Structure formats: C-alpha cells, structure tokens
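Comments concern the structure below.
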Amino acid sequence: MGLRAARSAWTGLLVVLALLMSSVKEHDFKKCDQSGFCKRNRAYADTATAESSRWQSPYNVQPASVSFKDGQLHAVIKKTINNNGDTVNLPITVSFLQSGNARVTVDEERRQKQDIELRHDSKIRKERYNEAGDWVLVGGLELDKNAKISHQDDTQINIQYGKDGNLEAAIKYSPLVIDFRRAGASHVRFNDRGFLNMEHWRPKIEKIEKPEGEVEGQEAALEERSAEDESTWWEETFGGNTDSKPRGPESLALDISFLGYEHVFGIPEHTGSLSLKQTRGGNGNHDEPYRMYNSDVFEYILDSPMTLYGSIPFMQAHRKDSTVGVFWLNAAETWVDIVKSKAASNPLTLGKTGKINTETHWISESGLLDVFVFLGPTPQDLTRTYGELTGYSAMPQEFAVGYHQCRWNYISDDDVKDVDRKMDKFKIPYDVIWLDIEYLDDRKYFTWDPHSFTDPTGMGKQLEDHSRQLVVIIDPHIKKLEGYPIYDQLSSQDLAVYDKEGKVYEGWCWPGSSNWIDCFNPKAIEWWKSLYKYDNFKGTLENTFIWNDMNEPSVFNGPETTMPKDNIHFGQWEHRDVHNINGLTFHNATFQALKTRKKGELRRPFVLTRSFYSGSQRLGAMWTGDNQATWEHLAASIPMVLNQGISGFPFAGADVGGFFGNPSKDLMARWYQAGAFYPFFRGHAHIDSRRREPYLLGEPYTGILTQALRLRYALLPSWYTAFFHANRDGSPIVRPMYWTHPSEESGFAVDDQLFVGSTGILVKPIVEENRFSTDIFIPDNEVYYDYTTYNKLSTQQGKRITVAAAIDQIPMLMRGGHVFARRDIPRRSSKAMRFDDYTLVVTVSKTGAAEGELYADDGDSFEHEKGQYIYRRFSLTMDGMTSTDAEGRNAKSVKAGEWLKAQSQVHVDKIIIVGASAAWNRKEVEIESEGKTRSVQVDYHAESSGQAAFAVVGRVGAKIGSDWKITLA
Ligand code: NOJ
C-alpha cells in the first residue's frame with residue numbers, strides 16, 4: 001500500500017470511528033447510579049433524609065482541638081466509623097479572608113501522613129490531592145487578622161469577620177454544622193441535613209477461602225463491615241473499562257443550604273436554564289445531579305444536567321437584594337444535587353428572607369474538601385471576589401473581539417486566501433480565519449500538509465497584508481510514530497502521561513494511536529514552549545494564534561471518551577484527582593508558549609480552549625463545543641454564554657451556524673444576529689456540512705449577515721470596554737437581568753436577553769423559526785429607546801414590551817442613562833479601524849442624565865499595564881456634557897508611547913444624543929478642550945410620532961484622550 005493509500009485507509013477508519021462517536025449519546029456517560037461514589041453519597045443522603053430527626057451525622061469537632069489565631073481556625077473533626085465508637089481524625093481549617101470570603105478545608109489525617117496501603121502495587125501518591133489551589137488560585141487569600149471570636153462555649157465557636165465585622169461563622173461541634181451569617185441572619189449552612197461524608201481510608205479485606213479462624217481478625221473485620229455495601233468501593237467497570245481504584249473509596253460530600261434563596265446560578269458547563277433546576281425528580285425537574293466531569297460529549301443534548309467539556313464549580317444563590325455563593329475547589333469528578341424546600345420559620349434567619357430554601361449536595365470522588373463561602377450581598381461582590389481568587393479574564397488581543405471565520409476545514413492555503421479575498425469582495429468584515437486539523441501532515445501537530453498547505457508563510461502574509469490573523473489548531477495528543485520529532489522528543493524527555501502500570505499511556509485520537517503530553521509537568525511546559533518558537537514551528541508568523549481542542553482530554557477509546565482515572569500524572573497523582581483541571585494545564589502551557597515565541601516579543605496570546613476550569617479565564621477564550629445547526633441549539637447558546645459570564649469566564653461563544661448539520665438561511669441570519677452578541681464570535685462547521693461563508697448565502701441573507709457583522713464592528717469600542725471591565729473586576733461581558741437588576745424579582749429567571757457590558761444596550765436575539773416579533777422584559781422604570789429608530793418605548797418595570805423583528809432586525813433597545821462608543825465607518829477588520837474617530841451615543845435618562853465609559857489601548861501588547869491606555873468617563877447633565885479621565889489621571893503623568901501618541905490623531909467625530917432635551921435645540925454648541933473653545937454644529941430633531949427627540953453634534957473634533965466640555969448655559 002502506497003503512502004497515499006495507507007493514509008486514506010487511515011482516514012476511512014477515523015471517519016468510521018468519528019461516525020460511531022457521533023452516535024455517542026447519554027447512555028455512554030455515567031448516570032449517578034453508575035458512578036459508585038455518587039450512588040453511595042446519594043444513598044447516604046437518602047438515609048439521612050429518611051431518618052430525619054433520628055439521623056446523627058457522625059462528624060464531631062473535638063472542642064479541645066479548636067484553636068483560633070490571625071484569622072484562621074484549626075480543629076480536628078472526629079468521624080465515628082462504627083458502633084464501637086472508633087473514630088478517624090479529619091483536620092479542618094477555616095480561614096477568614098480579607099475579601100470577606102471564608103474558606104473551609106478538610107483533610108484526612110491518615111492519608112495526610114501517608115499511612116495507608118495502596119492496592120495493586122500502585123506507586124501513586126497516598127495523600128488526598130492538595131494541589132488544585134496551585135493551579136487555580138492567584139490571590140484573595142490574605143487572612144483577615146481582625147476576625148475575632150464572638151462567642152465560645154463547649155458546644156460551639158462563633159467567629160466574627162468581614163470588613164464591617166458584620167459577618168459571622170457559627171461552628172457547632174456535635175455534629176459539625178457551620179452557619180454563615182450576614183448582619184445576624186443565616187444565609188449559607190454546611191451539613192444542615194447531615195450529608196457531610198468523607199470516606200476514610202480502609203483496607204480491602206479480601207475474603208480468603210481458608211478454614212475458620214486461620215486468618216486472624218478477618219472474621220471480625222468483615223462482620224463489622226457487613227452492613228455496608230462494598231460493591232462500588234473497589235474496582236468499578238463502565239462501558240468495558242475497569243477502574244482499579246488503588247486507594248479504594250475516598251469520596252467527599254457536603255450539603256450546603258442557601259436559606260431563603262429560590263434561585264441558584266452557575267456551575268457551568270451544562271445546557272439548560274440559567275436558573276438551575278432541581279435534580280431529584282418531579283415535574284419539570286431533572287432526575288440526575290448536575291455533573292462536572294470534563295468530557296467530549298458528541299451531539300450533546302439540551303436541557304440536561306449532563307456534563308460537558310468544562311467545569312466551574314462556582315454557584316451563586318440569589319434573592320431580592322442578596323447574593324451569596326460557594327466555590328467548591330476540587331478537580332475530581334463532581335456531582336451537585338439541588339432541591340428546593342419551603343423555608344421553615346427559623347429564628348436565626350432574621351429579616352427579609354425568601355420563602356424557599358435551596359439545598360444543594362456536593363459530591364466529589366477524591367481530593368480535599370475545600371470550599372469558599374461568599375456572603376455578597378451583591379452579584380458584583382461575588383464576581384469581583386471570585387475573580388480575586390481565580391483571576392480575571394485576560395485583556396484580549398483586540399482582533400479576538402472581532403469576527404472569526406472557521407470551518408473544519410479550509411482545505412488548502414489557496415482556499416484560505418480565496419475566502420479572505422471573497423470576504424473583502426463582499427465587504428464583509430472579519431479578523432481571523434481558522435485552520436482545523438486537516439492542515440496538518442497526517443495529524444502531526446507542528447507540521448503542515450505538504451500537498452495542500454505548501455506555502456503557509458505566503459498565506460500568513462496575505463492575511464497580514466489584509467490586517468488579519470490566522471488561528472491553527474493544536475491538540476494535546478501526539479501521534480505515536482517514531483521519526484516524528486515531536487513524538488520522539490516527548491518520549492525521550494519522558495513528558496507524557498502514564499497508565500496505571502507506569503507505562504506511557506496510549507490511546508486513540510485524531511492521529512490514531514497517540515500519547516498525551518502531561519502539562520502538570522513543568523518540564524513538559526518548557527518543552528511545549530520551545531515548540532512554538534518561530535524557528536521551530538515553521539510557517540507560523542506573528543499573526544498566527546492557537547486553538548486548543550480535545551483537552552478534556554478526549555480519548556476515543558477511553559472510558560467515557562477520556563482517560564482512565566487510574567492513569568498517572570507528574571507528581572504521581574492519579575488522573576482521577578486532577579481530571580477537571582487537565583484542560584486548564586494544557587491551555588496554560590500553550591498560553592505560556594505564545595508569550596515566549598520570540599525574545600523581546602511581548603504580545604498578548606490568544607488561545608481558544610474547549611476544556612476549562614476555574615482560572616481558565618486568565619488564559620483565553622472558550623466556546624461551547626459541538627452544537628447542532630438547529631433553532632433549539634441557537635436558543636440554548638444564550639443561557640450558556642450568560643452562565644459563563646457570571647461564572648468568571650466571560651470570553652465565551654457558541655459555534656455560529658451550528659457545528660453539526662446544515663442551517664437554513666433563516667437560521668444562519670438569526671445565528672449571526674445572536675453571535676454578534678457573544679463575547680467570542682466565531683462561525684464554525686463540521687467537515688461534512690456544506691460551505692456557508694457569509695457571502696455564499698445570496699441576498700438578502702448575505703446582506704443580513706453583513707449587517708450583523710458590521711453592527712458588531714461598529715460597537716467594538718464598547719465591547720472592548722466591556723472586556724476591560726471584566727479584566728478589572730470580573731463583571732460579565734454580557735449580563736443577565738438578575739446581575740444588573742438584583743432587586744427585580746420577576747427578572748431573576750430571565751435568561752434569553754442580555755445587556756452588553758455597561759452600555760445599557762439590551763438585546764434579545766430571535767432564536768425561533770418564523771418569529772418576527774418578540775417580547776422584551778424590562779427590568780426597571782428607566783426609559784428605553786429602540787436602537788435603530790430612536791423610538792421612545794412605553795415601558796413598565798417588570799413587564800414585557802413587544803418589538804418587531806423582521807428577518808433583518810435584531811430586537812435591541814437602549815436603556816436611558818448611558819453613553820457608549822462606536823466606530824461607524826465599515827472596514828475589513830478591527831485593526832483597520834484602530835485609528836478611526838469615534839461616535840458617542842448618549843441615551844438620556846428620565847432624569848435628564850447619562851454616564852458611560854470608553855477604554856482603549858493598543859489591543860496587542862502589555863503596555864497598558866504601564867499606563868498606555870485611554871480610559872474616559874463621559875457624563876451628560878442638564879448643563880451639558882463632559883469627557884474626563886475615568887481615574888482622574890493627569891494626561892501628563894504618563895509618557896506617551898507609540899500607540900498613545902498616535903491617539904492624538906483620533907477624535908470624537910459625532911455625538912448622538914437620544915432623548916435630547918430642548919436645550920439642545922440650537923444651531924451650535926461651544927466645546928472647550930485643551931484650553932480652546934470652538935463652536936460645533938448641532939442638528940436637532942424634535943420628538944415626533946413616537947420617535948424621541950435627538951440631537952447630532954458634529955463634527956466635534958475633540959481628541960479622544962483629552963478632557964472636553966460642552967456647556968449648554
Ligand atoms: C472537535 C471540536 O469540538 C470541533 O470544533 C473541531 O472541528 C473538531 N474537534 C475537529 O478538530
């Protein structure tokens with residue numbers, strides 16, 4: 001067989017495999033009762049619930065062990081393990097942090113001391129995994145040294161903490177219950193229902209067929225344990241794979257009650273509503289817990305608690321005027337049950353409480369019990385302090401906020417160049433074109449197919465000439481092929497993941513038989529960095545960026561399409577312990593690699609990842625994986641993207657057009673209109689789907705898509721400002737109603753519309769076929785204007801208003817009281833717009849005022865960290881309008897670098913004041929800037945037939961970076 005023939009046989013096999021994979025459905029992934037530890041903990045919870053008042057949680061704090069100093073409480077929990085009263089020790093630490101958050105960590109003494117025996121001659125670590133924090137946490141851990149004991153007796157200790165000392169943790173000893181209070185009222189409670197469970201280490205007692213009495217002690221030990229069902233303690237088999245579990249059962253679980261809270265949000269990645277559903281059955285509820293076990297779920301289903309590609313175990317509970325939450329820092333497989341119950345009248349839950357409690361049950365397979373508690377009281381407090389812990393999303397490459405054109409696959413460098421030219425021909429803006437796995441030679445990363453990508457440099461240069469970028473895919477599996485230098489280096493330098501026997505783990509993925517780089521290993525990261533140097537990765541240029549896919553990791557022949565849990569990583573940790581951060585470690589290695597491609601080149605990386613965990617937001621963008629070209633998937637993308645935003649990883653989007661299948665033209669139109677409001681906006685399609693670049697659709701559809709794309713591009717300054725806010729304080733880039741309006745109860749469950757940053761732009765994309773109008777929920781009593789017509793809408797708080805939405809219309813309102821920036825000249829890419837003048841849109845509030853911000857920097861380097869940025873605050877009052885430095889910086893305090901200098905050529909062109917008062921009804925206004933006063937023309941339009949009065953001030957001519965003032969007096 002010739003090389004070509006062999007290759008196509010290979011490809012054939014892979015296509016078959018891929019087809020088989022595409023029929024992977026729910027039953028290929030575990031349900032709770034197929035996952036031993038989940039089943040055991042649910043059963044434990046059932047027993048506790050059934051026995052109710054008779055149930056005694058066997059976890060008791062030893063009063064004598066309690067010590068408190070410098071914001072930290074240490075104690076030992078004794079877990080009673082049998083009827084004889086034998087106990088095991090579980091050291092607990094409660095840390096009170098300056099941020100106002102508290103952290104509870106529980107370990108197991110015996111494993112901590114490595115005083116356990118491993119089965120199967122395993123050489124793995126004996127401790128509970130305790131390094132998740134090293135990967136995930138970047139700050140916010142300073143202890144609150146002012147925290148103090150507010151009460152202590154033989155039965156409990158109370159610690160008072162928080163900025164104003166208005167927070168309290170009441171730790172009851174027997175059984176252990178921790179009650180977190182704000183201003184005297186209980187909000188979050190641990191072990192209220194007694195589901196706390198840390199499976200302590202115990203040896204497997206093998207039944208040995210010997211005459212009675214010969215095996216000393218065996219009989220008694222067996223008898224004692226006879227009551228327990230050990231069937232899921234040791235080896236577990238699922239889908240033909242057996243997990244050897246060398247440490248036996250080691251799960252941990254805890255019930256966490258949110259008292260008086262009806263809504264809980266977060267814990268992505270799942271499909272379904274933003275407000276999470278109950279999971280213990282009943283009408284409209286799920287039957288299964290929400291699962292977090294990063295997986296490559298082909299053809300995922302909608303409205304499901306099934307796991308997807310990434311996990312963020314951060315949950316917020318919300319009620320009118322109060323948000324609290326928890327962050328469950330554990331990298332192993334995790335399940336979360338949610339039930340809601342009628343709140344009992346509780347003397348401790350003083351003041352305003354809801355009528356419902358949300359009771360959650362968190363279950364992880366291994367590792368430490370490590371939970372952060374947030375007491376709010378606002379959603380902003382939660383997103384900010386969660387970001388302090390896990391990091392804020394990185395300032396993006398500016399181009400990454402533009403539109404990305406992708407498919408599996410552009411088949412040659414000529415194809416890429418052709419698409420690039422056609423986008424220009426049709427005047428369709430885009431910033432990045434992407435290459436999926438077919439650009440490779442035989443699926444070997446860091447190579448180019450020698451037949452179809454003969455001149456990658458030429459391709460890259462054309463893109464560069466057109467101010468555009470290229471993204472190429474690099475996955476973590478490395479083709480097992482001697483002579484392929486990457487494979488040879490991986491093996492000779494010993495940088496791959498091992499199997500349970502200590503041999504290099506081998507599995508199947510796109511290249512066939514593969515090994516996996518182990519990015520937990522610092523040496524592997526160093527090696528990975530070396531591969532991206534321009535000299536090594538030939539054909540890449542400065543405008544080449546990276547896409548990391550399949551990093552859950554996806555293994556076609558592995559259990560649940562991933563690695564066996566008993567695989568071994570650097571440091572002798574089992575894959576079981578680290579599974580959910582595996583994707584983050586690979587993403588991190590690539591991020592580091594892009595930072596060091598060339599000495600002296602200091603540019604922001606752009607790396608898209610499919611798998612993620614808390615902290616991944618520091619490294620790039622994510623997308624929601626392999627969705628389908630259906631209306632239902634389009635609809636599902638909105639709450640998914642919103643959920644990413646409130647969960648600290650806002651640079652998120654879904655495949656526009658849908659990955660699998662062929663969208664109708666209407667669906668394409670609506671998807672581009674929705675995609676224009678995803679923070680990450682990329683069209684992508686499966687290899688078997690028909691070509692669907694925007695210019696192929698024909699009119700009117702090409703025009704409709706172009707219009708949506710141009711809208712995105714016009715608003716880029718505002719999007720970039722929203723990214724900046726996310727980077728500064730963790731604010732979501734697109735925001736759900738409960739986050740912007742935490743007092744408006746009727747909006748808490750609304751998850752099909754969004755605000756763009758702080759612009760006041762409220763959008764409800766159409767996600768249904770043949771729907772040409774929609775009802776937008778109005779969260780407050782402010783005035784709202786239609787984005788295009790400036791019609792003043794008659795709105796009412798908590799009500800819906802109907803707006804028209806022909807196929808070329810996006811339901812889009814502007815809330816009164818905001819100022820946002822646009823760039824109105826259509827161009828081919830974001831880079832081409834960099835020095836264009838701005839239009840400011842002002843939407844006047846009911847009280848006649850408006851405020852807004854603009855942030856801009858070079859969109860590429862780290863110079864902004866040295867003050868090379870423009871950050872303006874615009875303010876409109878009855879008296880006029882001003883632009884001032886948002887931080888009160890003195891322009892002269894920063895020595896302008898190249899970009900900042902060039903900004904002196906960039907001006908405010910127009911100011912459009914929607915809802916302008918009669919004071920603007922004049923021919924001109926005076927603008928004062930840089931010590932000079934000039935007259936500027938005003939074009940005033942009085943209110944007429946529904947349209948608000950508006951004024952267009954232009955050409956303003958003030959420098960964007962300078963202070964200016966328009967006085968109406
Ligand atoms: C799976 C990814 O989710 C998809 O976007 C990609 O096209 C294929 N892998 C091929 O690389």
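As numbered in the UniProt record's numbering, residues 1 to 969 make up the sequence shown, in order. Built from N, CA and C at the ideal position, the CB exists for glycine as well. Because the structure is a prediction, the values reported are computed rather than measured.
What does DSSP give as the partner residue(s) for residue i in the beta ladder?
i    : result
Y403 : F681
I77  : V61 and L90
Y44  : DSSP, once it has assigned bridges, lists no residue as partnering Y44.
K444 : D441
E853 : R873
S929 : K932 and W964
R815 : Y784
L822 : Per the sequence shown, residue 822 should be read as Arg rather than Leu. DSSP lists T839 as partners of R822.
A621 : L608
L252 : M198 and S364
Exposed or buried, which one is residue i when buried takes at least 16 other CB atoms within 10 Å?
i           : result
T847        : exposed
L19         : Any reading at L19 needs caution, since the residue's pLDDT is 45, under 50, leaving its predicted position unreliable; the model's value is listed next. With fewer than 16 Cβ atoms within 10 Å of its Cβ, L19 is classed as exposed.
F651        : buried
L619        : buried
T447        : buried
S295        : buried
I761        : buried
M622        : buried
M878        : exposed
residue 978 : There is simply no residue 978 to check, as the chain begins at 1 and stops at 969 in what is shown.
P476        : buried
S67         : exposed
K959        : buried
Residues in the same chain with beta-carbon distance under 6 Å from residue i, minus the five sequence neighbours each way, listed in chain order, please.
i    : result
M881 : I966
M423 : Y430
I912 : V841 and V952
E250 : E199 and S366
L481 : Y487
Going by CA-CA distance only, name the one from the options that's closest to residue i.
i    : options                   : result
M306 : V419, K665, H270 and T585 : H270
D144 : A170, R111, S99 and Q152  : S99
A896 : Q868, A849 and E887       : Q868
F520 : S57, V136 and C38         : V136
T540 : D455, E506 and M622       : D455
A635 : H575, P765 and S366       : P765
T155 : Y290, A170 and Y161       : A170
T802 : G458, S773, Y59 and V188  : S773
N890 : D963, N921 and N791       : D963
N409 : S893, R922 and R691       : R691
T378 : T323, Y487 and I525       : T323
I428 : Q707, F606 and F681       : Q707
E26  : E299, G648 and P717       : E299
G458 : Y484, L481 and D413       : D413
D837 : I267, S364 and L854       : L854
V763 : S743, V61, G675 and R728  : G675
I267 : G260, L463, L259 and K277 : K277
Going along the chain, which residues of its own chain have a beta-carbon closer than 7 Å to the beta-carbon of residue i, five neighbours each way excluded?
i    : result
T789 : Q947
R828 : D424, P429, H466 and S467
Note down, in chain order, each residue of its chain lying with its Cβ closer than 8 Å to the Cβ of residue i, except the 5 sequence neighbours on either side.
i    : result
L642 : L274, P732, V734, R735, P736, D751 and L754
R834 : E398 and G859
L14  : Bear in mind that a pLDDT of 49 at L14, under 50, signals an unreliable position, so the number given afterwards is only what the model happens to contain. Cβ neighbours of L14 beyond the five flanking positions: W510 and G512.
N923 : In the sequence on display, residue 923 carries Lys and not Asn. Excluding positions up to five away in sequence, the list reads Q937 and V938.
> Should the segment 563 to 573 be regarded as contacting the segment 528 to 538, the criterion being three or more beta carbon pairs within less than 8 Å?
Replying inline: no
>> Under 8 Å: do the segment 623 to 635 and the segment 570 to 588 share three or more Cβ pairs, one atom per stretch?
In response: no
>> Quick check: the segment 302 to 316 against the segment 238 to 248, are at least 3 beta-carbon pairs closer than 8 Å?
In response: no
> Do three or more CB pairs link the segment 820 to 832 to the segment 932 to 945 at distances below 8 Å?
Replying inline: no
> Using 8 Å as the Cβ pair cut-off and three pairs as the minimum, do the segment 506 to 518 and the segment 456 to 474 touch?
Replying inline: no
> With a cut-off of 8 Å, do at least 3 Cβ pairs link the segment 789 to 803 to the segment 649 to 664?
Replying inline: no
>> Whether or not the segment 312 to 320 and the segment 740 to 748 are in contact is what I'm after, with contact meaning three or more pairs of Cβ atoms, one per stretch, closer than 8 Å; do they touch?
In response: yes
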